[in-house]
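Below: the structure, in structure tokens.
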Amino acid sequence: MSQKWTEANVPDQSGRVAIVTGSNTGLGYETARVLAARGATVVLAVRDVDKGNAAAAKILGLTPRAEVSVQPLDLGSLHSVRTAAAELKSAHPRIDLLINNGGVMYPPKQVTADGFELQFGTNHLGHFALTGLLLDQLLEVEGSRVVVVASIAHNIQAGIRFDDLQWERGYNRVAAYGQSKLANVMFAYELQRRLAAAGAPTIAVAAHPGISNTELMRHIPGNRLPGFSQLAGLVTNSAAMGALATLRAATDPAVAGGQYYGPDGFRELRGHPVLVTSNKMSQDVAVQQRLWAVSEELTGVSYGV
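For the sequence shown, my numbering puts the final residue at 311, and the numbers step up evenly by one.
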């Protein structure tokens, strides 16, 4: 075992089923690639099936005996989430890992198919619904985990805007992203509390990649300026490095429910994954529980724990 945790530290995953959302590119692809190489049966749950098939072919090119499939999933549509969950439950009676990785960052003001602000609806509500619909498949499996991929951007937003969750009174795309990522962390913590109270074998863990140079960067202001890509490469994690926090949260035997993993570098911007701490707001139990209640109401998905 190396002093710094790397993908070489991922233990054998043979016999395990892993579902990774948003896995046709970037962090999700790198997470799926490593899990498949370690023997897991990996499902790429993606909105763009053609890109998903290309990612699956790429993984098979690297690991010819990998078991990898593609599942259509649009996290911005609760109908799609329900359809995907039903198909996944039929195909996989047991699920070991659900990695909630997919998302959008800093887009212009848009809404999901259900009328939610795109970032909150996709990054949080879509994953909240998917997890609730698949939870029974995880609860049957000892050592199963739900991993929620959050962000240091959860520090941007001071709190959850319960009086205007959908940003109808003015839109700030950076703050809206921060709210969605704060919701991700809170969801992981509240889910873990409920799982523990139920004595479930499943744990919930959060992770963040630092700042990673992936397709999510496409909406960052200034990304078309000359030299932006070169500068980004100097100050950010690669997708493979950024995925390490997710992989550690998903596979390290020492991980405990309710923990949060991120890079060990300056301000957690880049580096190797270690146990980190989210901000004070994210740890407010009353706000977590209020967000949970609102999320159940908006998605129509209730949990059995």
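For glycine and all other residues, C-beta sits at the position ideal for the given N, C-alpha and C. Since the model is a prediction, treat every value here as computed from it, not as a measurement.
Just to confirm my understanding: we take residue i, look at its own chain, exclude 5 residues before and 5 after, and list those with CB closer than 7 Å. What are they?
{"i": "Gln295", "result": "Glu196"}
{"i": "Ile226", "result": "Here Ile226 scores only 49 on pLDDT, less than 50, and its place in the model should not be relied on; the value that follows carries that caveat. Once the five neighbours on either side are set aside, the close Cβ partners of Ile226 are Tyr112."}
{"i": "Val180", "result": "Tyr112, Ile162"}
{"i": "Arg53", "result": "Leu79, Asp80"}
{"i": "Thr242", "result": "Ile217, Ser218, Asn219, Arg276"}
{"i": "Pro99", "result": "Gln143"}
Can you tell me where the beta strand (DSSP E) with residue i in it begins and where it stops?
{"i": "Thr27", "result": "23 to 27"}
{"i": "Asn106", "result": "103 to 106"}
{"i": "Gly67", "result": "Per DSSP, Gly67 belongs to no beta strand (DSSP E); it is in the alpha helix (DSSP H), 55 to 68."}
{"i": "Thr47", "result": "47 to 52"}
{"i": "Gln172", "result": "Counting along the chain, Gln172 falls outside any beta strand (DSSP E), and DSSP gives it neither H nor E."}
{"i": "Ser75", "result": "73 to 78"}
{"i": "Ala92", "result": "Note, Ala92: premise wrong, no beta strand (DSSP E); alpha helix (DSSP H) at 84 to 97."}
{"i": "Gly268", "result": "266 to 269"}
{"i": "Ala212", "result": "209 to 213"}
Can you list, in chain order, the residues of its chain whose CB lies under 8 Å from that of residue i, leaving out five sequence neighbours each side?
{"i": "Gly233", "result": "Reliability of the predicted coordinates at Gly233 is poor, the pLDDT of 44 falling under 50, and no value is obtained from them."}
{"i": "Leu240", "result": "Note that Leu240 scores 46 on pLDDT, short of 50, meaning its location in the model is unreliable; the coordinates nonetheless yield the value given after this. If we look at Leu240 and ignore the five residues flanking it on each side, it has no Cβ neighbours."}
{"i": "Trp11", "result": "Leu250, Arg254, Asp258, His278, Pro279, Val280"}
{"i": "Val117", "result": "Glu123, Leu124, Gly127, Gln172"}
Find the nearest neighbour of residue i within the set the options, judged by alpha-carbon distance.
{"i": "Val311", "options": "Arg199, Ile166, Thr128", "result": "Arg199"}
{"i": "Ser186", "options": "Gln9, Pro259, Ala159", "result": "Ala159"}
{"i": "Ala255", "options": "Leu124, Tyr266, Met247", "result": "Tyr266"}
{"i": "Phe193", "options": "Val16, Ser284, Ala97, Lys64", "result": "Ser284"}
{"i": "Gly244", "options": "Gly263, Gly216, Asp54", "result": "Here the sequence assigns Ser to residue 244, which means Gly is not the residue at that position. Comparing Cα-Cα distances from Ser244 to each of Gly263, Gly216, Asp54, the minimum goes to Gly216."}
{"i": "His214", "options": "Val282, Ala92, Arg53", "result": "Val282"}
{"i": "Leu171", "options": "Ala210, Val87, Leu124, Gln143", "result": "Leu124"}
{"i": "Ala164", "options": "Val293, Ala97, Gln116", "result": "Val293"}
{"i": "Tyr183", "options": "Gly67, Asp56, Lys115", "result": "Lys115"}
{"i": "Ser157", "options": "Gln143, Gly108, Asp18", "result": "Gly108"}
Since I believe residue j is in contact with residue i (beta carbons under 8 Å), could you give me their beta-carbon distance rounded to a whole number of angstroms?
{"i": "Thr27", "j": "Ala249", "result": "Incorrect: roughly 13 Å between the Cβ atoms, too far for contact."}
{"i": "Met287", "j": "Leu188", "result": "7 Å"}
{"i": "Val280", "j": "Asp290", "result": "Contact flag wrong, Cβ pair sits at about 24 Å."}
{"i": "Thr137", "j": "Val110", "result": "With a Cβ gap of about 18 Å, Thr137 and Val110 do not count as contacting."}
{"i": "Ala202", "j": "Gly263", "result": "6 Å"}
{"i": "Val315", "j": "Ala46", "result": "The displayed coordinates of the chain run from 7 to 311. Any statement about residue 315 would go beyond what the structure contains."}
{"i": "Leu94", "j": "Val49", "result": "7 Å"}
Ignore the nearest five residues each way along the sequence and tell me which others in residue i's own chain have a CB closer than 6 Å to its CB.
{"i": "Ser83", "result": "Ala119"}
{"i": "Ala51", "result": "Ile25, Thr27, Gln77, Leu79"}
{"i": "Leu145", "result": "Ala206, Thr208"}
{"i": "Ala92", "result": "none"}
Residue i lies in the alpha helix (DSSP H); which residues open and close that run?
{"i": "Ser301", "result": "291 to 305"}
{"i": "Gly149", "result": "Unbroken run through Gly149: none, as it is neither H nor E."}
{"i": "Ala42", "result": "32 to 43"}
{"i": "Val191", "result": "179 to 203"}
{"i": "Leu81", "result": "Neither: Leu81 is in no alpha helix (DSSP H) and is coded neither H nor E."}
{"i": "Leu275", "result": "No alpha helix (DSSP H) contains Leu275, which DSSP labels as neither H nor E."}
{"i": "Met247", "result": "245 to 257"}
Does any CB atom of chain D fall closer than 8 Å to the CB of residue i?
{"i": "Glu303", "result": "Among the chains of the structure shown, chain D does not appear; only one protein chain is present."}
Taking 7 Å as the cut-off, is the beta-carbon of residue i closer than that to any non-hydrogen atom of the ligand ATP?
{"i": "Gln172", "result": "For the structure depicted, the ligand ATP is absent and the ligand set is empty, with no information on it obtainable."}
- Meets three-Cβ-pair contact criterion under 8 Å: the segment 41 to 56 and the segment 65 to 80: yes
- Query: How about the segment 267 to 276 and the segment 31 to 38: do they share at least three Cβ pairs that are nearer than 8 Å?
  - Reply: no
- Are the segment 132 to 144 and the segment 165 to 181 touching by the rule of at least three beta carbon pairs closer than 8 Å? no
- Would you say the segment 138 to 156 touches the segment 101 to 116, given that touching needs at least three Cβ pairs under 8 Å? yes
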